[in-house]
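Data first, discussion second: the structure below is written as structure tokens.
Protein chains: 2
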Amino acid sequence: MIDGSIQAFPLTLNRILDHAAKWHGDAQIATATDHGIVHIGYAALRERALRVSAVLARFGVVLGERVATLAWNSQAHVETWYAIMGMGAVCHTLNPRLTATQLAWMLGQSGARILVVSADLLPLARKIAAEAPDLERILVIDGDAGEAEALEALIASASADVKWGEFDETAPSGLCFTSGSTGAPKGVTYTHRSNFLHTLRLLQADVLGARSVDVVMPVVPMFHANAWGLPFAVPAAGGKLVLPGRHTDGASLARLIAAEEVSIAVGVPTVWLGLCEHLEASGTTVPSLKRIVSGGAPLPPALMERIEGQLGVTVQTSWGMTELSPVGTFGVLSDAVRSAAMSGRPALGVDLMLADESGVPLAEQRDREGRLHVRGGAVIERYFGQERPVTDADGWFDTGDLARIDARGNLMITGRAKDLIKSGGEWINPAEIEAVISALPQVSLSAVIGRADHKWGERPILLVELREDQDISDEDLLGSLRGRVASWWVPDAVIRVPGMPLASTGKIDKTRLRAIYSNH
Amino acid sequence: MIDGSIQAFPLTLNRILDHAAKWHGDAQIATATDHGIVHIGYAALRERALRVSAVLARFGVVLGERVATLAWNSQAHVETWYAIMGMGAVCHTLNPRLTATQLAWMLGQSGARILVVSADLLPLARKIAAEAPDLERILVIDGDAGEAEALEALIASASADVKWGEFDETAPSGLCFTSGSTGAPKGVTYTHRSNFLHTLRLLQADVLGARSVDVVMPVVPMFHANAWGLPFAVPAAGGKLVLPGRHTDGASLARLIAAEEVSIAVGVPTVWLGLCEHLEASGTTVPSLKRIVSGGAPLPPALMERIEGQLGVTVQTSWGMTELSPVGTFGVLSDAVRSAAMSGRPALGVDLMLADESGVPLAEQRDREGRLHVRGGAVIERYFGQERPVTDADGWFDTGDLARIDARGNLMITGRAKDLIKSGGEWINPAEIEAVISALPQVSLSAVIGRADHKWGERPILLVELREDQDISDEDLLGSLRGRVASWWVPDAVIRVPGMPLASTGKIDKTRLRAIYSNH
Numbered sequence: 021m022i023d024g025s026i027q028a029f030p031l032t033l034n035r036i037l038d039h040a041a042k043w044h045g046d047a048q049i050a051t052a053t054d055h056g057i058v059h060i061g062y063a064a065l066r067e068r069a070l071r072v073s074a075v076l077a078r079f080g081v082v083l084g085e086r087v088a089t090l091a092w093n094s095q096a097h098v099e100t101w102y103a104i105m106g107m108g109a110v111c112h113t114l115n116p117r118l119t120a121t122q123l124a125w126m127l128g129q130s131g132a133r134i135l136v137v138s139a140d141l142l143p144l145a146r147k148i149a150a151e152a153p154d155l156e157r158i159l160v161i162d163g164d165a166g167e168a169e170a171l172e173a174l175i176a177s178a179s180a181d182v183k184w185g186e187f188d189e190t191a192p193s194g195l196c197f198t199s200g201s202t203g204a205p206k207g208v209t210y211t212h213r214s215n216f217l218h219t220l221r222l223l224q225a226d227v228l229g230a231r232s233v234d235v236v237m238p239v240v241p242m243f244h245a246n247a248w249g250l251p252f253a254v255p256a257a258g259g260k261l262v263l264p265g266r267h268t269d270g271a272s273l274a275r276l277i278a279a280e281e282v283s284i285a286v287g288v289p290t291v292w293l294g295l296c297e298h299l300e301a302s303g304t305t306v307p308s309l310k311r312i313v314s315g316g317a318p319l320p321p322a323l324m325e326r327i328e329g330q331l332g333v334t335v336q337t338s339w340g341m342t343e344l345s346p347v348g349t350f351g352v353l354s355d356a357v358r359s360a361a362m363s364g365r366p367a368l369g370v371d372l373m374l375a376d377e378s379g380v381p382l383a384e385q386r387d388r389e390g391r392l393h394v395r396g397g398a399v400i401e402r403y404f405g406q407e408r409p410v411t412d413a414d415g416w417f418d419t420g421d422l423a424r425i426d427a428r429g430n431l432m433i434t435g436r437a438k439d440l441i442k443s444g445g446e447w448i449n450p451a452e453i454e455a456v457i458s459a460l461p462q463v464s465l466s467a468v469i470g471r472a473d474h475k476w477g478e479r480p481i482l483l484v485e486l487r488e489d490q491d492i493s494d495e496d497l498l499g500s501l502r503g504r505v506a507s508w509w510v511p512d513a514v515i516r517v518p519g520m521p522l523a524s525t526g527k528i529d530k531t532r533l534r535a536i537y538s539n540h
Numbered sequence: 021m022i023d024g025s026i027q028a029f030p031l032t033l034n035r036i037l038d039h040a041a042k043w044h045g046d047a048q049i050a051t052a053t054d055h056g057i058v059h060i061g062y063a064a065l066r067e068r069a070l071r072v073s074a075v076l077a078r079f080g081v082v083l084g085e086r087v088a089t090l091a092w093n094s095q096a097h098v099e100t101w102y103a104i105m106g107m108g109a110v111c112h113t114l115n116p117r118l119t120a121t122q123l124a125w126m127l128g129q130s131g132a133r134i135l136v137v138s139a140d141l142l143p144l145a146r147k148i149a150a151e152a153p154d155l156e157r158i159l160v161i162d163g164d165a166g167e168a169e170a171l172e173a174l175i176a177s178a179s180a181d182v183k184w185g186e187f188d189e190t191a192p193s194g195l196c197f198t199s200g201s202t203g204a205p206k207g208v209t210y211t212h213r214s215n216f217l218h219t220l221r222l223l224q225a226d227v228l229g230a231r232s233v234d235v236v237m238p239v240v241p242m243f244h245a246n247a248w249g250l251p252f253a254v255p256a257a258g259g260k261l262v263l264p265g266r267h268t269d270g271a272s273l274a275r276l277i278a279a280e281e282v283s284i285a286v287g288v289p290t291v292w293l294g295l296c297e298h299l300e301a302s303g304t305t306v307p308s309l310k311r312i313v314s315g316g317a318p319l320p321p322a323l324m325e326r327i328e329g330q331l332g333v334t335v336q337t338s339w340g341m342t343e344l345s346p347v348g349t350f351g352v353l354s355d356a357v358r359s360a361a362m363s364g365r366p367a368l369g370v371d372l373m374l375a376d377e378s379g380v381p382l383a384e385q386r387d388r389e390g391r392l393h394v395r396g397g398a399v400i401e402r403y404f405g406q407e408r409p410v411t412d413a414d415g416w417f418d419t420g421d422l423a424r425i426d427a428r429g430n431l432m433i434t435g436r437a438k439d440l441i442k443s444g445g446e447w448i449n450p451a452e453i454e455a456v457i458s459a460l461p462q463v464s465l466s467a468v469i470g471r472a473d474h475k476w477g478e479r480p481i482l483l484v485e486l487r488e489d490q491d492i493s494d495e496d497l498l499g500s501l502r503g504r505v506a507s508w509w510v511p512d513a514v515i516r517v518p519g520m521p522l523a524s525t526g527k528i529d530k531t532r533l534r535a536i537y538s539n540h
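Just so you know, the sequences run in chain order A and B. First residue of the first sequence: 21, per our numbering; consecutive thereafter. First residue of the second sequence: 21, per our numbering; consecutive thereafter.
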């Protein structure tokens with residue numbers, strides 16, 4: 021090999037906060053708390069995060085060890101993330117919307133001895149502890165620790181003289197279990213390199229394109245799939261990070277957006293529905309907001325229209341999953357044609373492929389429906405604790421989604437392979453029915469599931485949550501499908517629900533809907 | 021270490037063209053030739069580049085072997101780059117503005133057996149060949165090969181069934197010799213990883229931020245410092261790449277900008293001076309142009325004002341050097357305060373430090389002048405063929421530039437350490453004098469060099485090239501310095517030059533100026 025070369029520069033995540041602290045030291049992180057909004061600059065936050073590392077080191081945390089967090093989006097949670105990852109430990113995020121038994125099982129898998137918890141989640145943490153024998157210590161952030169151990173008190177006496185980095189960039193940095201609809205939850209292990217490359221992908225101008233003048237509010241939780249990578253990408257760009265804490269209802273978000281002049285807000289569709297409804301009811305506006313990034317679940321076209329019309333913002337769609345770190349595609353803001361159904365295009369660093377049911381690539385990749393496969397520097401190879409890769413011989417990961425890709429490279433998710441309903445030996449795709457129903461102005465949320473049927477095996481039924489003060493007959497609901505889907509796809513029944521059950525990630529919880537309605 | 025993880029994804033440069041071909045296959049590369057502008061899409065270009073790899077493989081080119089190019093910015097040169105790098109060979113770019121003897125010496129260093137040359141540079145290539153015993157074969161691109169061997173003919177019979185990538189990402193991809201002002205030229209070896217990370221840095225919204233809708237014209241040559249990374253960054257974003265070929269005078273560029281609707285143009289200040297003068301003389305405009313990126317040499321404030329005023333574009337300043345791949349800092353477009361003297365800020369992936377003469381970091385890094393040091397994933401560690409690193413114990417590379425950094429992180433280059441004039445035992449900084457003189461509306465270019473003086477050792481003299489139809493007296497020139505620099509810094513003489521000598525990179529050639537004027 022040729023002699024003479026470039027410096028080593030391991031892509032470890034501590035570099036992101038190091039960079040933010042040095043070059044954007046006064047740029048702020050704002051957190052909504054029960055006692056108002058608190059602020060800190062990146063330089064001060066880094067200093068505190070180093071102290072948290074010192075606290076963890078004092079408790080014997082070593083390279084590669086898992087440390088768990090059960091916390092909302094807050095400054096203290098960000099500090100804890102960088103503290104754990106910076107010292108080379110692995111941040112195992114727990115989702116407070118799961119049960120203590122589920123979370124204790126996950127802790128058993130990761131073997132974490134230390135759990136950092138938001139004060140109001142302490143009761144849940146104690147229940148988890150009762151079922152998690154490995155757990156040795158609970159450290160409380162985000163409020164009054166009561167008789168428990170407060171991380172803040174430990175920080176005060178800790179030194180910031182801690183070494184970050186200086187381990188291999190392929191070292192694990194995070195662990196997140198997906199609450200799959202079938203089987204036991206599966207863990208996705210992120211690495212420093214994968215999260216760093218994911219960050220650089222997000223920062224591309226045709227993706228999130230965060231800039232130092234941007235004020236970005238991730239409503240997507242830090243306990244799920246890296247909060248879409250925003251606690252890395254926003255400091256990396258030197259932007260302001262606004263964290264909503266535990267309140268993500270429309271009124272709380274509207275207040276926070278106004279107070280901090282949020283320009284870009286990121287979250288699942290139901291969050292934006294809540295914001296729209298609050299603003300409509302209260303007659304208030306959020307003039308600072310310029311862009312809303314939506315993802316995590318299909319965005320009803322009517323909701324996209326409503327958000328853009330009512331809020332005067334641009335909606336940027338996206339698609340991803342926990343196994344992708346999580347971003348796969350992002351809507352391109354300068355594209356002439358945008359729509360709620362288009363989840364955007366893949367940027368350099370991720371690649372898409374459509375295959376048939378057995379994983380063989382479709383001969384024609386454009387304007388055909390196929391099973392979506394993904395490959396890239398932030399895409400899973402093996403689940404936690406498993407030896408067998410979940411990628412095929414060519415490195416493709418099967419997402420389980422059905423999709424089309426148009427001539428310009430825009431991804432359209434057309435359904436979940438697992439969601440399909442088999443009726444009389446033929447497949448019905450609930451997503452196509454839901455897309456039509458969700459476009460009705462009276463409809464807030466809709467879901468189509470299969471119901472056991474002795475003649476056809478399964479038949480579709482439609483569950484709807486209407487918008488407040490709106491009404492529509494069953495006939496009109498089902499009539500809207502005429503000519504849009506095959507006549508035998510039209511659901512056998514309409515069930516009105518006052519509130520659609522949502523899973524911990526904000527998506528409609530079809531597992532719960534099936535449990536209640538599939539055999540009834 | 022924890023079990024379960026993310027896919028391997030080696031950062032090799034072929035992935036960039038693979039991505040562009042798959043996701044932006046119809047996006048264009050346009051090249052100005054003597055017979056009009058020719059176009060090709062990324063998908064077709066990739067197919068041709070694969071065939072070039074096959075041709076090189078047929079000639080026995082192996083992993084790590086150097087293959088040289090002596091060519092203008094053209095489609096064929098881009099194909100040759102990706103062909104060489106994609107197959108794991110090393111692209112050794114030669115600067116046609118150097119002498120045959122200099123270039124033959126560089127070829128001797130790299131050991132390249134094959135030279136790819138633009139047709140009109142064939143006479144120079146033959147002179148080089150006469151002095152370069154290792155050179156076995158010359159392949160002609162960009163025009164009529166005459167009796168020489170045309171690459172195009174070989175492509176026609178080659179197969180595109182070639183493997184790219186599948187080597188380590190730290191493998192070398194490119195080699196570029198810097199024509200230093202003292203000593204023998206030194207080679208900088210780029211790696212796949214360093215250029216890939218450099219590309220991702222450029223794509224950040226606060227740096228170049230190239231998007232798929234952008235039409236980008238690199239006037240900066242591909243034979244020098246990767247053409248600032250644009251032949252990687254623009255395809256990576258799916259943008260249109262417009263290549264000027266060998267003609268970079270104002271009239272040629274204006275025609276090309278108009279024909280291809282260039283929105284972003286990138287080059288050294290003298291190029292923009294030429295464009296401004298042509299547009300003024302011809303009474304034409306370039307309405308598609310939105311942004312000009314300037315770098316490679318100090319940008320006179322008057323020229324920045326002139327460009328922005330006359331062309332109606334935003335000037336984005338930058339600073340870099342061959343040893344940095346080459347971008348160090350980039351002006352941030354959204355910054356409230358911009359100026360010609362500010363070279364912008366470092367984005368994630370590069371770090372700056374100011375030191376004293378012995379390399380010790382200044383205690384206060386802001387608003388102090390120091391010697392600029394750099395560290396990062398695309399910064400040199402060792403020159404070609406040298407065992408000794410040029411970085412210090414902490415990994416810092418000494419740029420030789422003098423600089424300040426303001427409170428917001430903006431870099432201001434204040435001079436070259438080597439340029440300083442020692443007069444009566446005290447230092448005079450030519451850059452500060454030049455900044456005042458260049459700001460005069462009558463002045464096109466200015467340079468201050470030291471002249472031997474038996475009393476003071478050295479004394480500064482001022483060389484100026486005035487704008488056409490402009491005049492100013494020596495008294496007024498020197499009078500403009502009053503109160504702006506120390507009185508003993510005022511040059512002893514003013515010498516008017518009809519045309520300032522420019523080095524091969526477009527910077528003022530002070531080595532030549534010194535050779536002519538320093539002892540006279």
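The C-beta atom is built at its ideal place from N, Cα and C for all residues, glycine as well.
query: How far does the beta strand (DSSP E) with residue 481/B in it reach, from first residue to last?
result: 477 to 486
task: My understanding is that residue 304/B touches residue 274/B, with C-beta atoms under 8 Å, so please give their C-beta distance in whole angstroms.
output: 6 Å
message: Distance cutoff 8 Å, beta carbons only. Does residue 229/A sit that close to anything in chain B?
response: yes
- prompt: How about residue 29/B: is its C-beta nearer than 8 Å to some C-beta of chain A?
  reply: yes
task: State the start and end residues of the unbroken beta strand (DSSP E) segment that holds residue 212/B.
output: No beta strand (DSSP E) contains residue 212/B, which is instead part of the alpha helix (DSSP H) from 212 to 223.
task: Could you tell me which uninterrupted alpha helix (DSSP H) segments, each at least 4 residues in length, are contained entirely in the stretch 220 to 298 of chain A, listed from first to last along the chain?
output: Listed in chain order, the complete alpha helix (DSSP H) runs (minimum 4 residues) inside the stretch 220 to 298 of chain A are 250 to 257, 270 to 280.
task: Return no unless some Cβ of chain A is closer than 8 Å to the Cβ of residue 265/B.
output: no
- prompt: Should the stretch 386 to 397 of chain B be called in touch with the stretch 350 to 358 of chain B, which here means at least 3 C-beta pairs below 8 Å?
  reply: At 8 Å Cβ cutoff, the stretches do not touch.
query: Between the C-alpha atoms of residue 340/A and residue 151/B, what's the straight-line distance to the nearest angstrom?
result: 57 Å
query: Are the beta-carbon atoms belonging to residue 103/A and residue 141/A less than 8 Å from one another?
result: no
- prompt: Do residue 194/B and residue 222/B have their C-beta atoms within less than 8 Å of each other?
  reply: Between residue 194/B and residue 222/B, the C-beta spacing is not below 8 Å.
message: Is there a C-beta anywhere in chain A that falls below 8 Å from the one on residue 209/B?
response: yes
message: Run through the DSSP bridge pairs and tell me what residue 350/A is partnered with.
response: Residue 350/A pairs with 338/A, 365/A.
- request: Could you run through the stretch 428 to 452 of chain B and flag, in chain order, every residue whose CB is less than 7 Å away from some CB of chain A?
  value: In summary, the residues of the stretch 428 to 452 of chain B whose CB is separated from some CB of chain A by less than 7 Å are 429, in the order they occur in the chain.
- prompt: Cβ atoms of residue 114/B and residue 89/B: under 8 Å apart, would you say?
  reply: yes
field: Cα-Cα separation between residue 201/A and residue 531/A, rounded to whole angstroms
entry: In this prediction, residue 201/A has a pLDDT of 49, which is less than 50 and means its spatial position is unreliable; nothing more can be read from the coordinates.
Residue 407/A, DSSP secondary structure in three states: Here residue 407/A sits in coil by DSSP.
- request: Kindly list, in the order they appear in chain B, the residues whose Cβ is closer than 7 Å to that of residue 256/A.
  value: 368
message: What are the residues in the stretch 394 to 420 of chain B lying within 9 Å of chain A by C-beta distance?
response: Of all residues in the stretch 394 to 420 of chain B, only 395, 396, 397, 398, 399, 400, 401, 402, 403, 404, 405, 406, 407, 409, 411, 415, 417 come within less than 9 Å of chain A when Cβ atoms are compared, listed by chain position.
field: Residue of 244/A, 329/A, 539/A minimising C-alpha distance to residue 287/A
entry: 244/A
- request: Show which residues of chain A have a CB atom less than 7 Å away from the CB atom of residue 125/B.
  value: Those do not exist, as residue 125/B stays about 16 Å from chain A at its closest Cβ, beyond 7 Å.
message: Is there a C-beta anywhere in chain B that falls below 8 Å from the one on residue 39/A?
response: yes
message: Quick check on DSSP: helix, strand or coil for residue 304/A?
response: coil
- prompt: Any idea which residues DSSP pairs residue 515/A with across the strands?
  reply: 483/A
task: Output yes or no for whether 8 Å exceeds the beta carbon distance between residue 95/A and residue 26/A.
output: No; because the gap between Cβ atoms is not below 8 Å, this pair is not in contact.
field: Contacts that residue 352/A makes with chain B (C-beta to C-beta distance below 8 Å)
entry: 231, 232
message: Determine whether the beta carbon atoms of residue 33/A and residue 106/A lie at a separation below 8 Å.
response: yes
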